[in-house]
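Residue numbers (full-length UniProt numbering), protein chains in the order written: chain A, 1 to 184; chain B, 1 to 184.
We put the CB at the ideal spot given by N, CA and C, even for glycine.
Note that the structure is predicted; figures quoted are calculated from it, not measured.
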DNA sequence: AAATATACTGACTAATTAGTAAGTAAGCAA
DNA sequence: TTGCTTACTTACTAATTAGTCAGTATATTT
């Protein structure tokens, strides 16, 4: 996994954001498990917002890496790959960054708000393209603008993780299957 | 509005949960605007969890009141009424309790987790019935189990509020119109 | 060998947090 | 009028919060 302290901090912060939310974890929640002092966390990330931004940026890079890996696959398969990633999250009981950070949006420091915005528009941009191309090749079927459909799909993926934690594991399966049925 | 202090506290807590989230507001955020001491808030609601539960219970009662009011309307109209409520929220820039509290689920005190669960299952139960009856009368059209569709609809309503705060006001219109188109 | 940068620790701080306990003023009931 | 309840205030506490700053050991560079 992560070998440097900095990467370990990002790893832990990522997990805490996905389980407890940005406002419910503290520097102590990070320093204690890593057996370092809270000042060491501040050394790498002066403010909590800086840490949050790094978590988002890493997620964005990872996502970009996946997307590049899927480039040559047909669009319906690319979408299924994305659903697979969410299924893994569902098994771990962790939610996605969009689902965790957008509810807290008003409380986030301004630079982090900008990053959250960037994350949302970035994911939606990719998904819009994916849906558009998939429809052109008749591998995906839906009505309306591709961007509007992208909003609905991201909505369903995000909520499937929220709901499955509250209502139980089968909820993810129900929603992801319905989502696939509706589009393919 | 609210005339008793207790009702004013619930009102404010409701607003704070919808804007900042349950973990990002404090007793001071409630006592200061009401010009009372924080101990007065503890008098009415011994713990923060008690306050959270009261906020959910009031929402559940309000929702039940609305639903009873819509009883004689055709199901597609009932659904539109619900969308109207979300549109008002969107204008105010506030999110719904499901969208605010499910991301924080793991951090909530156990009795409040139970209430959040109750709220989710309650809303889904009503929506499942509404969709089922609407389909039987051919006023609503969709494939798959009504419960699965209810999950998707709640997902889209909840996310439309999250997204519209981050991406701008037109996002709600896009999503709610697409939602209506897909079902009617 | 000397200077500099990296990655921390130790020891703080000022503010905020949820929550408590004792007291009090006003209204109502017996 | 005495006692009880309601709705608070005053005055706390112990814990936690993000963040700071001066120091230090270890590499790395010059």
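ask   = Going along chain A, which residues have a C-beta under 7 Å from residue 24(B)?
value = Going along chain A in sequence order, the residues near residue 24(B) (Cβ under 7 Å) are 23, 104, 107.
ask   = According to the neighbour-count rule (16 or more other Cβ atoms, all chains shown, within 10 Å of its Cβ), is residue 99(B) buried or exposed?
value = Answer is buried; the Cβ neighbour count reaches 16.
ask   = Under a CB-based cut-off of 7 Å, is residue 174(A) close to chain B?
value = Answer yes: the Cβ-Cβ gap between residue 174(A) and chain B drops below 7 Å somewhere.
ask   = For residue 140(A) versus residue 131(A), is the C-beta distance shorter than 7 Å?
value = In contact: residue 140(A) and residue 131(A) (Cβ atoms closer than 7 Å).
inquiry  = Output needed for residue 10(A): all residues of its chain with C-beta closer than 8 Å, excluding positions within five of it in sequence on either side, in chain order.
reply    = Excluding sequence neighbours, residue 10(A) sits near 2, 51, 54, 55, 58.
query = Grouping DSSP H, G and I as helix and E and B as strand, with all else coil, what is residue 19(B)?
reply = When DSSP states are grouped into helix, strand and coil, residue 19(B) belongs to the helix group.
query = Given a limit of 9 Å on CB to CB distance, which residues of the stretch 8 to 21 of chain A reach chain B?
reply = The residues in question are 19, 20, 21.
task = Report the neighbours of residue 143(A) on chain B: residues whose CB is nearer than 8 Å to its CB, in chain order.
result = Near residue 143(A) (Cβ distances below 8 Å), the residues of chain B are 181, 182.
key: Integer Cβ distance of residue 162(B) from residue 102(A), believed to fall under 8 Å   = Here residue 162(B) really is in contact with residue 102(A); their C-beta atoms are around 4 Å apart, less than 8 Å.
request  = Return the first residue and the last residue of the alpha helix (DSSP H) that residue 29(A) is part of.
outcome  = Counting along the chain, the alpha helix (DSSP H) containing residue 29(A) begins and ends at 27 to 34.
message = Looking at the secondary structure, which residues open and close the alpha helix (DSSP H) in which residue 42(B) lies?
response = Start and end: 38 to 44.
request  = Would you grab the beta carbon distance between residue 83(B) and residue 180(B) for me? Rounded to a whole angstrom, and I think it's under 8 Å.
outcome  = Contact annotation, residue 83(B) with residue 180(B): C-beta distance approximately 7 Å; criterion of less than 8 Å satisfied.
message = Residues of chain B with CB closer than 8 Å to the CB of residue 165(A), please, in chain order.
response = Residues of chain B passing the Cβ test: 102, 105, 106.
ask   = Quick one: is residue 96(A) near chain B, going by C-beta distance under 7 Å?
value = No, its Cβ sits nowhere closer than 7 Å to a Cβ of chain B.
query = Any idea what DSSP makes of residue 96(B), helix, strand or coil?
reply = In the structure shown, residue 96(B) sits in coil (DSSP, three-state: anything other than H, G, I, E or B).
query = Can you list, in chain order, the residues of its chain whose CB lies under 8 Å from that of residue 137(B), leaving out five sequence neighbours each side?
reply = Contacts found: 74, 75.
ask   = At a CB-CB cut-off below 7 Å, which residues of chain B make contact with residue 29(A)?
value = What residue 29(A) touches in chain B: nothing, since even the nearest Cβ is about 11 Å away.
inquiry  = If you follow the alpha helix (DSSP H) that residue 2(A) is in, where does it begin and where does it stop?
reply    = Run containing residue 2(A): none; DSSP gives neither H nor E here.
task = For residue 117(B), go through chain A and note every residue whose CB falls closer than 8 Å to its CB, in chain order.
result = Residue 117(B) reaches chain A at 166, 167, counting residues in chain order whose Cβ is nearer than 8 Å.
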